[in-house]
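J.: Chain order of the listed sequences is A and B. To convert, take the position in the first sequence, counting from 1, and add 127; that gives this note's numbering. To convert, take the position in the second sequence, counting from 1, and add 1380; that gives this note's numbering. My questions all concern the structure below.
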Amino acid sequence: MTDLSRRTIIKGTSAIGAAILPATLTEKIARADSAHNQGAGSPANAPSGGAGVSHEAPSTTYLFFNTEEAAFVEAALARLIPKDDQWAGALEAGAPNYMDKQLAGAWGAGERLYRSGPWQPGTPTQGYQLPFTPAELFRGAIGAINKELAQRPFAKMSPDEQDNYLKSLEAGGKDLGGVPSDVFFAHLWQCTLEGFFSDPVYGGNRDMVSWRMIGFPGAYASYYDLVDQHGIKIDRPPMSLAQDAHGHIHMNPGIPARSP
Amino acid sequence: MAQRLKPVDVVTIGVGLTGSLAALELAKAGLKVVGLERGAPRYTVPDFQSPAIHDELRFSIRKAMMQDNTKVAVTFRNSSDETALPIRRWGSFLPGQGLGGSFVHWNGQSYRAQVVDFIYQTHILQRYGKKFLEACGPELTIQDWGVTYEELEPYFDRFEYLLGVSGKAGNIKGQIQRGGNPFEAPRSREYPNPPMKEPYFAALFRKSAERLGYHPFPQPSSNLSRPYKNPEGLDLQACVYCGFCERYACEHFAKASPQTVILPALLNRPNYELRTNCEVQRINLDSTRKKATGVTYVDAAGTEYEQPAELVLITAFALSNVRTLLLSGIGEPYDPWTGKGVVGRNYSYQTTGGPTVFMDESININPFMASGATGTVIDDFGGDNFDHSNLGFIGGQYIAGTMTGGRPIEFHPTPPGTPEWGLEWKRAVAQHYNHTITIVQHGTSTASRLNYLDLDPTYKDAWGQPLLRMTFDFPENDIRMSQYIADKVVEIGRAMGGKVVVRGGAKRPYTTTVYQATHNTGGAVMGDDPKTSVVNRYQQCWDVSNVFSIGGSSFPQNITYNYTMTIGALTYWTLDAIKDKYLKSPGPLVQT
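See below:
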């Protein structure tokens, strides 16, 4: 039982009683199954139309988030950076997977966070002063949100309702199990940005979609002959850190446990 | 019980820029030198190589090359009536850790200080008078350095040739040079290498600055414009403008760092020993407390050692230098209420913050084609390069069309009015990413009696010793300076063709959460008077003559420019004093 991945559990669960899962999540899982690995790591550039960039949410094996947490995260990220007719959003880019792996690993456990007390709120210029690790912060805050929304889960709200709820978190003033809601929102947003823009080796930015969208060539590293050709348009496809000669991107085996 | 080791001639606390340079000079002079570095050993090959080195998340966001703040953090407050709390994640400044220190992840921006910087108080009083300075702020405590530019010029020159700085001279022996910075202090000769290539954003800035009557020049860079062999016989390569420079190490041997320009000449010397993962706890003093006997440190396995030494050089990052003095009881700690004491006094920073210029979408900026020091600069508003008589402040900033990369987790600008997230935000990012320029304002930080460093009464490091406590906010003088210049920069941005120019300029309160600069200065300042300085003009401690505290901690107030070249020049200057004077007759080099 301990070896079963979250996805296996979800699949098994959905077979015996999909009613207990938020509908959007099961739908996404079903879609993801058919889209699994489609176009992953394809070097083809997509200057317009998003060709070669999957608009389906990828299948995710969650190591950190439980089912309810994952349902909130997937739905929230789909609003924070939505997909459009041209480019995938944070959900389709795999940002929930990125977030899950970060929280399951060293960063979630408080890597690079000075953790000795005593604890007190401090001023905004003193920065983060809560005793929670990122893993504790996300778990506590999402748990509080899901409890508050037990009757009408976030994932079941309309997009407008979801946006309004996220705005209420962003505005602060709400306590989420000891985490001020604006602090949680700031973490959620930063993590979403990272999952959208970081190298695909970390499990987000699938197909380097965000890099194609803005025209960032990625880890590609020599512009000696181009830097003084002013205003040229760079059309070459972006490159990941872990891309091999065939354009496949290999997930870094050291993630999530590697320390810096 | 500490294990006592065999005595050596010299121990350096820290092996970054100043520690490796000091060790090289003194090892060449035949002394037995031990370098104690708190971080791990690391080398261009294999540690800085592709593909892993171009990882924005790991290096820029998670700050993998920075001081391990889970072990040693800094506490902070804006003013002394607040309770300082730990900076739990680095933000505003990023001290490096590991062999080579911050001199590995630096950008390579390589300016000299100016003539008047070293005689700042004398110059300001002469030009504007005492009343003017008092009106700028009665709390300001600017002072002279005790050393002059003329004395340091040979050492600036030597350090530039060690690094292979790429640039264009603006003033050779008093003759203004076309294409260089006409405001720069006279130099004895041209830079060792020609300027870097000029990216588009820099060219747009240059043309606009020229049109407005300013004097643009190529930013001096320690990322090299061509292959170069330095005077130590070490080969550097030409920079390829990969856009992964600040917060990263260079894989190409193209950025000057201890690993490229110093360590290969040092590490194979039989009379030098490098010990990494060693955390110095304190400098030990004899019963007179006038002489150091060595240092106590703890290695990675937790074993404590006493390393006796004739000469102790504190060669860490500025903040660590000050903390080491405080933990060792060297010099009288500064008391902001009485104004007495010196250690921790005149802590200064850097006043930064420039505008964002949104260009037309037909203009491809390609911000990712850059190095850490590639751009065009004007110094028309630097230091005291302009008349302050009617301005009500002292100091200034250089203005630079320099971008150090287009790494998208950090750089995804949107114009004012754009929502913070959602579909509109996403479309704005896609629309503006490649058509936006950031301009840098970078300048003086005026020392104030209100800003200082001391030991925190509450928070401890991993070994149970007090953390350093920083009390800092921008003096109103510096806000006025920065805001005055912000208006000038908006004009430049508009002249560049900016459709929207978002005004820059510094504001109070200073915050630790937003990156500004890793140019923390002061706290163990140099000078001619032991009442207002910790070290004399040779960076020798007034109170303990066989201890020298070297680096940014010696600056009485901070200058307009990025401080690495000035630190390098001061280090060479001090080492010549040690070799030529101190070793012949150990004792105070300046009598009180």
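Cβ atoms here follow ideal geometry from the backbone N, Cα and C, with glycine treated the same way. In this text the structure is predicted, and so the values were computed from the model without any measurement.
Are there three or more Cβ pairs, one per stretch, closer than 8 Å when the stretch 1614–1633 of chain B is compared with the stretch 1747–1754 of chain B?
T.: Short answer: they touch.
J.: Enumerated in chain order, which unbroken segments of the beta strand (DSSP E) with a length of 3 residues or greater are wholly contained in the stretch 1383–1460 of chain B?
T.: Runs found: 1388–1393, 1413–1416 and 1454–1457.
J.: Does the beta-carbon of R1442/B have 16 or more other beta-carbons within 10 angstroms, so that it is buried, or is it exposed?
T.: On the second sequence, residue 1442/B is found 62 positions in, with the first residue counted as 1. That one is buried.
J.: Give a yes or no on whether the minimum CB-CB distance between P1566/B and chain A is below 9 Å.
T.: Here residue 1566/B corresponds to residue number 186 of the second sequence, with the count starting at 1. For P1566/B, no CB of chain A lies under 9 Å from its own CB, so it is not counted at the interface with that chain.
J.: Could you name the residues of chain A that D1435/B contacts, counting a contact when the two beta carbons are closer than 7 Å?
T.: As a position in the second sequence, residue 1435/B is number 55, starting the count at 1. Near D1435/B (Cβ distances below 7 Å), the residues of chain A are D326 and L368.
J.: By Cβ distance, which residues of its chain are closer than 8 Å to L1974/B, with the 5 residues on each side in sequence left out?
T.: The structure shown does not extend to residue 1974/B, since chain B spans only 1381 to 1972, so no value can be given for it.
J.: At a Cβ cut of 8 Å, what residues of the stretch 208–221 of chain A count as close to chain B, listed as they run along the chain?
T.: I208, P209, D211, W214 and G216
J.: Please report the distance separating the alpha-carbon of L1705/B from that of A1698/B.
T.: Taking the second sequence and counting its residues from 1, the one referred to as residue 1705/B is at position 325. Taking the second sequence and counting its residues from 1, the one referred to as residue 1698/B is at position 318. Distance from the CA atom of L1705/B to the CA atom of A1698/B, rounded to whole angstroms, is 11 Å.
J.: Over what stretch of residues does the alpha helix (DSSP H) that includes F311/A continue unbroken?
T.: Stepping through the first sequence from its first residue, residue 311/A is reached at position 184. Note, F311/A: alpha helix (DSSP H), S308 to F324.
J.: Between E297/A and the ligand GDP, is the CB less than 8 Å from at least one heavy atom?
T.: Absent from the structure shown: the ligand GDP. Ligands present: none.
J.: Spatial neighbours of L1411/B within its chain, please: C-beta separation below 6 Å, excluding the five flanking residues on both sides.
T.: In the second sequence, residue 1411/B corresponds to position 31, counting from 1. Cβ neighbours of L1411/B beyond the five flanking positions: D1389 and V1390.
J.: Within this structure, are the beta carbons of F1791/B and I1779/B separated by less than 9 Å?
T.: Here residue 1791/B refers to the residue found at position 411 when the second sequence is read from its first residue. Here residue 1779/B refers to the residue found at position 399 when the second sequence is read from its first residue. Their beta carbons are not under 9 Å apart, which means F1791/B does not touch I1779/B by this criterion.
J.: Beta strand (DSSP E) containing S1929/B: first to last residue?
T.: In the second sequence, residue 1929/B corresponds to position 549, counting from 1. Segment V1927 to S1929, the beta strand (DSSP E) holding S1929/B.
J.: Can you find a CB in chain B that lies within less than 9 Å of the CB of P251/A?
T.: Residue mapping note: residue 251/A aligns to position 124 of the first sequence, counting from 1. Chain B contact via Cβ: present.
J.: Under the three-state reduction of DSSP, which class applies to D1497/B: helix, strand or coil?
T.: As a position in the second sequence, residue 1497/B is number 117, starting the count at 1. Helix at D1497/B.
J.: Where Y1541/B and D1909/B are concerned, what is the direct C-alpha to C-alpha distance, given to the nearest angstrom?
T.: Your numbering for residue 1541/B matches position 161 in the second sequence. Your numbering for residue 1909/B matches position 529 in the second sequence. Approximately 33 Å, taken between the alpha carbons.
J.: Report the CB separation of I1393/B from V1660/B in whole angstroms; it is logged as a contact under 8 Å.
T.: In the second sequence, the residue the question calls residue 1393/B occupies position 13. In the second sequence, the residue the question calls residue 1660/B occupies position 280. Yes, they are in contact, since the Cβ atoms of I1393/B and V1660/B sit about 5 Å apart, within 8 Å.
J.: Can you find a C-beta in chain B that's less than 9 Å from the C-beta of T153/A?
T.: Here residue 153/A refers to the residue found at position 26 when the first sequence is read from its first residue. Its pLDDT being 35, under 50, T153/A is placed unreliably by the model, and nothing is read from it.
J.: Any chance the stretch 1504–1511 of chain B sits against the stretch 273–286 of chain A, with 3 or more Cβ pairs inside 8 Å?
T.: no
J.: Assign G1932/B to one of three DSSP states: helix, strand, or coil.
T.: As a first step, residue 1932/B is located in the second sequence; it is residue number 552 there, counting from the start. Of the three classes helix, strand and coil, the one that applies to G1932/B here is helix, per DSSP.
J.: What runs of the alpha helix (DSSP H), each 4 residues or longer, lie entirely inside the stretch 1473–1539 of chain B?
T.: 1482–1485, 1500–1508 and 1510–1516
J.: Is it true that the stretch 1527–1534 of chain B meets the stretch 1489–1500 of chain B, where meeting means three or more beta-carbon pairs spaced less than 8 Å apart?
T.: yes
J.: Quick check on N1746/B - is its C-beta less than 9 Å from some C-beta in chain A?
T.: Here residue 1746/B refers to the residue found at position 366 of the second sequence. Interface residue, yes.
J.: Buried or exposed: which applies to E1871/B, given that a residue is buried once 16 or more other Cβ atoms fall within 10 Å of its Cβ?
T.: Taking the first residue of the second sequence as 1, we reach residue 1871/B at position 491. Exposed: under 16 other Cβ atoms inside 10 Å.
J.: Do you know offhand how far Y347/A's Cα is from K360/A's?
T.: As a working mapping, residue 347/A is identified with position 220 in the first sequence. As a working mapping, residue 360/A is identified with position 233 in the first sequence. Roughly 15 Å separates the two Cα atoms.
J.: If you run the structure through DSSP and keep just helix, strand and coil, what is F1773/B?
T.: Translated into the one-based positions of the second sequence, residue 1773/B becomes position 393. Coil, per DSSP.
J.: With 9 Å as the threshold, decide whether the Cβ of A1382/B is near any Cβ in chain A.
T.: In the second sequence, counting from the first residue as 1, residue 1382/B sits at position 2. Not one chain A Cβ lies under 9 Å of A1382/B.
J.: Taking only beta-carbon atoms, is A346/A less than 9 Å away from chain B?
T.: Here residue 346/A refers to the residue found at position 219 of the first sequence. Output row for A346/A: interface = yes.
J.: Below 8 Å on C-beta distance, what does G1471/B contact in chain A?
T.: If you number the second sequence from 1, residue 1471/B lands on position 91. Simply G254.
J.: By Cβ distance, which residues of its chain are closer than 7 Å to K1386/B, with the 5 residues on each side in sequence left out?
T.: Here residue 1386/B is taken as the residue at index 6 of the second sequence, counted from 1. Excluding residues within five positions, none has a Cβ falling inside 7 Å.
J.: Taking the C-alpha atoms as reference points, what is the distance between D355/A and M1576/B?
T.: Position 228 of the first sequence, counted from the start, is the residue given in the question as residue 355/A. Position 196 of the second sequence, counted from the start, is the residue given in the question as residue 1576/B. The alpha-carbon atoms of D355/A and M1576/B are separated by roughly 10 Å.
J.: Cα separation between T1746/B and G1877/B?
T.: As a position in the second sequence, residue 1746/B is number 366, starting the count at 1. As a position in the second sequence, residue 1877/B is number 497, starting the count at 1. Here the sequence assigns Asn to residue 1746/B, which means Thr is not the residue at that position. Each residue's alpha carbon lies about 16 Å from the other.
J.: Taking the continuous alpha helix (DSSP H) assigned at G1948/B, which residues delimit it?
T.: To locate residue 1948/B, count along the second sequence from 1; it is residue 568. Residues T1944 to A1957.
J.: List the DSSP bridge partners of K1840/B.
T.: Position 460 of the second sequence, counted from the start, is the residue given in the question as residue 1840/B. BP columns for K1840/B point to P1846/B.
J.: Using a Cβ cut-off of 9 Å (strictly closer), state whether M340/A contacts chain B.
T.: Numbered from 1 along the first sequence, position 213 holds the residue referred to as residue 340/A. At a cut-off of 9 Å between beta carbons, M340/A contacts chain B.
J.: When you check each C-beta in the stretch 1612–1633 of chain B against every C-beta of chain A, which residues fall closer than 9 Å?
T.: A1618, C1619, V1620, Y1621, C1622, G1623, F1624, E1631 and H1632
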